[in-house]
Every structure is written in C-alpha cells, then in structure tokens.
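Notes to accompany the following structure.
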Amino acid sequence: MTIKRGEIWLVNLDPTVGAEIRKTRPVVVLSSDALGKLPVKLVAPLTEWKDYLAANVWHVKIVPDTMNGLSKPSSIDTLQLRGVDTQRFVRKLGNVSAEIIDSITAAVVTVIEHEP
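Mapping of the sequence shown onto the numbering used here: position 102 corresponds to residue 862, and the numbering continues sequentially without gaps.
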C-alpha cells in the first residue's frame, strides 16, 4: 500500500486518551513522500465542520468534492497532528488540493509559533 502526502485516508485512530480525536475517520497525510524508513505517516484528522470552528486558527475548512471523496463539510484539525503506523490505514478516499495543503501548512506554522 502506497500512502502519499496530500491524500485523504480513513484511519483507525483508536485507542485514544482524553480529548484526542477518536474512531475511524478521515485524515490528511502531511508527511513528505521522501521520508520512508519507518511505516509511520504524519496526519491531521478531520472532524465535522461547525461554524464556530471558523474562529480557530488551527481548523482548516474543506468542502466535499469529487477530488477529496468527502461526504460532508469537514475541518482539518492541525492541533491534533499525530504520527500513525500505516497498519491503521483502512482505505483511500481522495486527495486535497495544493491550496488546502498550503492552508494546513499555514495553520501548523501558527500553532507552533514558527516565524518564517
């Protein structure tokens, strides 16, 4: 199974602790394709979009389309980035646009207070 940056996959995130996003849900793969020594990918989980999330700099809205394979408006939660073993990956749903990747990157930069 080949998993690439910018793809959306269903991933089993359980078990979790506390406020971590749980269940099997879509994630966006953020890891560079050049990193391949370990079967681990850095991902950002998605959750259902709620209008109040627009006020949070770490949530990136994504709407369903034929490219991403989503069924409802969602939020990419960049505060919940995690490395997950590829054994947790269930199936590929689609891909995100370069614009969405740029928005995710900008949100991560803000979350970690990186000054470019």
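In this text, a Cβ means the ideal position worked out from N, Cα and C, and glycines have one as well. Computed from a predicted model, the values in this text were never measured in an experiment.
Count the other CB atoms within 10 Å of the CB of residue i; is the residue buried (16 or more) or exposed (fewer)?
i	result
ILE872	exposed
LEU806	buried
LYS801	buried
SER831	exposed
THR762	exposed
Is the beta carbon of residue i less than 7 Å from the beta carbon of residue j?
i	j	result
GLY843	ILE768	no
ILE781	ALA804	no
PRO786	LEU770	yes
ASP793	ARG765	yes
Looking at C-alpha atoms only, which residue of the options is the closest neighbour of residue i?
i	options	result
THR870	GLY829, VAL817 and ASP825	VAL817
LYS797	SER863, VAL856, ASP845 and VAL850	ASP845
LEU841	ASP862, SER857, THR776 and LEU790	LEU790
ASP825	VAL856, VAL850, ALA814 and GLU875	VAL856
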